[in-house]
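Q:
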Amino acid sequence: MISVLELENKVYELDEIRIVIRCNKNEKVKDFKYNRKCDKDVNISDYIINRIKPLLSNNIDVTVIDGNGCIPHTRTKIETIRNSYIK
Numbered sequence: 042m043i044s045v046l047e048l049e050n051k052v053y054e055l056d057e058i059r060i061v062i063r064c065n066k067n068e069k070v071k072d073f074k075y076n077r078k079c080d081k082d083v084n085i086s087d088y089i090i091n092r093i094k095p096l097l098s099n100n101i102d103v104t105v106i107d108g109n110g111c112i113p114h115t116r117t118k119i120e121t122i123r124n125s126y127i128k
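Residue numbers (this note's numbering): 42 to 128.
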């Protein structure tokens, strides 16, 4: 088990996207055990459903934030989100 803050950081380090999990930052969730970056053609909805939601309790909400600080449409591809951040 890891904290929500640790999960948000692991996602950013591996998948290069920023997620915000709406709960106490110290709440414990399942660990993010992926070793490979998510494919660039996956959309946000599928990413959240397949990679993030299984690690969280049912009542915890998660959002992807793009480089402008906005919440993009859930059909937006991961590559578009990655490219929105300043590098």
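Quick reminder that beta carbons are idealized off the backbone N, C-alpha and C, glycines included.
Which residues in the same chain have their Cβ closer than 8 Å to the Cβ of Lys78, if we skip the five residues on either side of it in sequence?
A: As a first step, residue 78 must be located in the sequence shown, where it is residue number 37. Within the same chain, Lys78 has close Cβ partners Leu55, Asp56, Glu57.
Q: Which whole-angstrom value is the C-beta distance of Phe73 and Lys94, which I expect to be below 8 Å?
A: In the sequence shown, residue 73 corresponds to position 32, counting from 1. In the sequence shown, residue 94 corresponds to position 53, counting from 1. Not a contact, Cβ separation roughly 12 Å.
Q: Compare the C-alpha of Gly110 against each of Tyr53, Arg92, Leu97, Arg59 and name the closest.
A: Position 69 of the sequence shown holds residue 110. Answer by Cα proximity: Arg59.
Q: Where does Thr115 fall in DSSP's three states?
A: In the sequence shown, the residue the question calls residue 115 occupies position 74. Three-state DSSP puts Thr115 in coil, outside helix and strand.
Q: So is Tyr75 buried or exposed if we call it buried at 16+ other beta carbons inside 10 Å?
A: As a position in the sequence shown, residue 75 is number 34, starting the count at 1. Label assigned to Tyr75: exposed.
Q: Can you check which of these residues, Asp82, Leu46, Ile90, Asn99, is closest to Arg123 by C-alpha distance?
A: Locating residue 123 in the sequence shown gives position 82, counting from the first residue. The residue with the shortest Cα to Cα distance from Arg123 is Asp82.
Q: Pull up the distance between the alpha-carbon of Ser86 and that of Leu48, whole angstroms please.
A: The residue you call residue 86 lines up with position 45 of the sequence shown. The residue you call residue 48 lines up with position 7 of the sequence shown. Approximately 18 Å between the Cα atoms of the pair.
Q: Can you say whether Val61 is buried or exposed, counting buried as having 16 or more other CB atoms within 10 angstroms of its CB?
A: The sequence position of residue 61 within the sequence shown is 20, counting from 1. Looking at its Cβ environment, which holds fewer than 16 other Cβ atoms inside 10 Å, Val61 is exposed.
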